[in-house]
Amino acid sequence: MNSFTSSVAGCQIRYHDLPGPGEPLVFIHGLGCTSSFEYPRVVMDPAFSPRRVILIDLPGSGYSDKPEHYAYTTTDQAHAVTELLTAIGLTRFWLYGHSMGGSIAIEVANAMQASLLGLIVSEPNFYKGGGQFSSGIAAFSQEEFVAKGYQDLIDKEASPWKGSLQSTLPVAVWRAATSLVTGIEPEWFSLFTALPVRKQLLFGEWSLPDPDFEAVNTQEIACRVIDAAGHAMSWENPTGLAQALSEFCTQ
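The following block contains the structure:
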C-alpha cells in the first residue's frame, strides 16, 4: 500500500496502485466505506479487463490517517483526491465514485477535466438533503453521534458495510454525512450533466425506480442497471459492477 502526505487534509492518505495495462481507473468510495475493502474483489473479478487501478481510502477511512481537525466535506475530500492524483502524475485517467464517492468524483472531475477520460458514478448524491444513512446521521449533533449514535449504527448493521464503518473515524462519518445534507452550489447534478467528458450513471436494479435515474436519462446521458444488486453493488454483484466498469473504460 502506498502513502501520500496531503497538505489539504494534513495527514497521510493511503491507496493501492495496482499495476496493469492502459490508462488507470481511480476508485472513490462512499460514506463509511473504504476502497481497500470494497474494490479488490471487483478488480480481480474475471469480468474486469486488466488495467492499472488506484483504490483510494479517503482521509478518515480505512488505512488512511484520521485527523480530528479535518472538515471531511465532499469539497475538502475532492481537493485531497485532486492533490493526490496530481502528485502521482496522472495526466490521463478514468474515474469511478460510489454514493458519496460519486459526489466527490463529480467535484474531482470538474477540477481535472483536462486529464479525465471519463466519469462513471453509481447512485451518487446529486442534491443536498442526503440519503437514508447520511440524513439519519446528520440528524444527531456531532457530540451525540460520537458518544452514542456511531456505536448504535454499528450494532444495528449486519451487512459488510459494518466492517468498513468500524474503520472510519466517528467524527468523519458525521461531518461527511452533514456535508451531503448541506450540499454544494451548483449542485452535483448540474456539475455532472454539464461535464464535457464521457460519463455514465449506474444504478442497482433493487434501487429502482428512482427519480435521479430518470432525470439523468432525460439528459441523454448513458445509464446502466446492475442486475441483482441495490445500492451496495460492489458486494451484492461485484461481477456485474466489474463488467460495467470494464466496458465503460474500453468503449
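Remember, the numbering used here sits 31 above the position in the sequence shown when you count from 1. Ideal Cβ positions, reconstructed from N, Cα and C, are used throughout, including at glycine. Note that this is a predicted model, so its numbers are computed, not measured.
- Unbroken beta strand (DSSP E) runs of no fewer than 3 residues, entirely contained in the stretch 120-190, are found at 124-129 and 147-153, following chain order.
- Beta-bridge partners assigned by DSSP to H47: L86.
- By the criterion of at least three beta-carbon pairs nearer than 8 Å, the stretch 48-61 is in contact with the stretch 131-144.
- Here the stretch 229-243 lies against the stretch 142-161, with 3 or more beta-carbon pairs under 8 Å apart.
- Take A259, set aside five residues on each side of it, and the residues of its chain with a beta-carbon closer than 6 Å to its own are N268, in chain order.
- In the DSSP assignment, R72 forms no beta bridge with any residue.
- For C280, the three-state secondary structure derived from DSSP is helix.
- Below 8 Å, too few C-beta pairs join the stretch 195-209 and the stretch 109-118 to call them touching: fewer than three.
- Residue pairing by DSSP places A78 opposite no residue, since no beta bridge is assigned to it.
- Cβ neighbours of Y181 within its own chain (closer than 6 Å, five residues either side excluded): P201.
- Here the alpha carbon of G93 sits roughly 10 Å from the alpha carbon of I44.
- Excluding its 5 nearest sequence neighbours in each direction, H110 has C-beta neighbours in its own chain below 6 Å: V39, listed in chain order.
- Counted as a single uninterrupted DSSP element, the beta strand (DSSP E) harbouring V256 occupies residues A253 to I257.
- Non-local C-beta neighbours of Q274 in its own chain, meaning closer than 6 Å and more than five positions away in sequence, comprise A78, ordered along the chain.
- CA-CA distance, N141 to Y158, rounds to 16 Å.
- For the options C280, E216, E99 and I119, the alpha carbon positioned closest to that of G160 is the one of E216.
- Under DSSP, I59 shares a beta bridge with I87 and G128.
- Proximity of the stretch 182-201 to the stretch 89-107 meets the contact definition, three or more beta-carbon pairs being nearer than 8 Å.
- DSSP places L232 in the strand class (E or B) of the three-state scheme.
- Counting C-beta pairs closer than 8 Å gives fewer than three between the stretch 210-229 and the stretch 64-84, which falls short of the contact rule.
- The beta carbons of Q250 and T224 sit closer together than 7 Å.
- When beta bridges are read from the DSSP output, T224 appears opposite no residue.
- Across the structure, G128 and F234 are spaced so that their CA atoms are roughly 12 Å apart.
- If you draw a 10 Å sphere on the C-beta of D186, you find fewer than 16 other C-beta atoms in it, and that means exposed.
- It is roughly 15 Å from the alpha-carbon of G41 to the alpha-carbon of T106.
- Remark: C-beta atoms of S265 and A208 do not approach each other more closely than 7 Å.
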